[in-house]
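Numbering (numbering that gives the first Met the number 0), first residue to last: 0 to 271.
Where a beta carbon is used, it is the ideal one built from N, C-alpha and C, also for glycine.
All values derive from a computational prediction rather than experimental measurement.
Reviewing the structure listed below.
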Amino acid sequence: MDATRLAWGAGALAAGMGLSALSAWAVMRGGRRLPPALRLLLEAGLLKLTLASRGLDRAAGEVEAALRRDDLPEARRLLSWHLVSRDTAELDAEEVAGAAVESVAENLTDAFVAPLCAYALGGLPGVWAYRFCQTADSMWGYHDEEREWLGKPAARLDDALNWLPARLAAGLLAAAARLVEGRANAENAWRTRATQAGNTASPNAGQTMATMAGALGVTLTKRGHYALAGGDAAITPDVLARGRRIARTAAWLGAALAAAALSLRRGRSEAT
0 MDATRLAWGA GALAAGMGLS ALSAWAVMRG GRRLPPALRL LLEAGLLKLT
50 LASRGLDRAA GEVEAALRRD DLPEARRLLS WHLVSRDTAE LDAEEVAGAA
100 VESVAENLTD AFVAPLCAYA LGGLPGVWAY RFCQTADSMW GYHDEEREWL
150 GKPAARLDDA LNWLPARLAA GLLAAAARLV EGRANAENAW RTRATQAGNT
200 ASPNAGQTMA TMAGALGVTL TKRGHYALAG GDAAITPDVL ARGRRIARTA
250 AWLGAALAAA ALSLRRGRSE AT
């Protein structure tokens, strides 16, 4: 244990989250004199900055397009550049498609559901603080000598903050699978999540990835790390396209539920 790096990591995380929250609060406080419609647009714009699901879907679409052209080197490059941190140099076409499916599923939590949950609970200061924690985890949360203890506070807090959103996202994926793929696929999604989600080292990533594996009837794997067995179908570009469609539908469902919840909360606050 490196207590010095651990302390620096915790201090940097606390300071960064605090400054992020304070910045969002200051911007919104400065906008109080704006007309209500402009204030709403300002808040919506600042919230949108924390959501990345559309950009990630486009990145997965680029990988899909490269695979359809049989351009495996380009698909590997795009996957590594936009979606995953693993080494992609030796992945075959099915592994590239599978990794893209995994990223689409996992990022439904990180890039959409969790920020919406943070916003619902803490407003813009809450969601900006959350995004700093997530960014710190992605930058420091590695198991090498230099960053392991520096990034541990961010990694542990990110796990805690994502615990509920990951399970909500899994439910949204299963509901979306019911709409897009049918009842049998949705049932397999639930079944696979229940039996396979614990196969990943992360307490959260397996929730959405296993659900997606079941929805698509495929087995998602990372060499030497995990296998999420949802079926035996080959992972083709068409399967990746289906996974993207399920994730987009899940995001729309999540947005609708979040809007309804926020509207209800504001209605109650105005009534009191």
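Asked, Found
"Apart from the five residues just before and just after alanine 249, which ones in its own chain have a Cβ nearer than 8 Å to its Cβ?", "Leu107, Ala168, Leu171, Leu172, Ala174 and Ala175"
"Starting from the Cα of alanine 98, find the closest Cα among Trp127, Ala119 and Leu66 and give me that residue.", "Leu66"
"In chain order, what residues of the same chain have a beta carbon less than 8 Å from the beta carbon of asparagine 184, not counting five sequence neighbours either side?", "Ala176, Arg177, Gly213, Ala214, Leu215 and Gly216"
"With distances taken Cα to Cα, identify the nearest neighbour of arginine 155 among Asp1, Thr3, Leu12 and Thr235.", "Leu12"
"Sort out for me which residues DSSP pairs lysine 221 with in a bridge.", "Tyr225"
"If you follow the alpha helix (DSSP H) that serine 52 is in, where does it begin and where does it stop?", "52-67"
"Just curious, the alpha helix (DSSP H) that tyrosine 129 is in, first and last residue?", "113-139"
"Indicate the three-state DSSP secondary structure (helix, strand or coil) for aspartate 237 in the structure shown.", "helix"
"According to DSSP, is aspartate 158 helix, strand or coil?", "helix"
"Whose CA, out of Ser201, Asp1, Ala196 and Met138, lies closest to the CA of threonine 210?", "Ala196"
"For serine 102, does the count of other Cβ atoms within 10 angstroms reach 16, so buried, or fall short, so exposed?", "buried"
"Are aspartate 158 and asparagine 203 close, meaning C-beta to C-beta below 9 Å?", "yes"
"Express the C-alpha separation of glutamate 89 and alanine 74 in angstroms, rounding to a whole number.", "12 Å"
"Measure how close the beta-carbons of leucine 115 and alanine 257 come, nearest whole angstrom, since I'm counting them as under 8 Å.", "5 Å"
"Pick helix, strand or coil for asparagine 106, following the three-state DSSP scheme.", "helix"
"Would you tell me roughly how many angstroms separate the C-alpha atoms of leucine 120 and proline 72, rounded to the nearest one?", "43 Å"
"Below 7 Å CB to CB, which residues in the same chain sit around alanine 240 once its five sequence neighbours on both sides are set aside?", "Glu63"
"Look at alanine 255 and proline 124 and say whether their C-beta atoms are less than 9 Å apart.", "no"
"How would you write the range of the alpha helix (DSSP H) that arginine 4 sits in, first residue to last?", "2-29"
"Is leucine 273 near leucine 149, with beta carbons less than 9 Å apart?", "A query on residue 273 cannot be resolved here, the shown segment of the chain reaching from 0 to 271 and no further."
"Shortest alpha-carbon distance to valine 83 belongs to which of Ala228, Lys221 and Gly229?", "Lys221"
"Could you compute how far the alpha carbon of alanine 165 sits from the alpha carbon of arginine 28?", "31 Å"
"Can you tell me whether tryptophan 80 is buried or exposed? The criterion is at least 16 other CB atoms within 10 Å of its CB, across all chains shown.", "exposed"
"Look at the alpha carbon of arginine 57 and the alpha carbon of glutamate 94, and state the distance between them as a whole number of angstroms.", "19 Å"
"Rounded to the nearest angstrom, what separates methionine 138 and proline 236 at their Cα positions?", "30 Å"
"Secondary structure at proline 164, three-state DSSP: helix, strand or coil?", "helix"
"Let me check understanding here. Comparing Cα to Cα, which of Ser52, Leu37 and Gly15 lies closest to glycine 253?", "Ser52"
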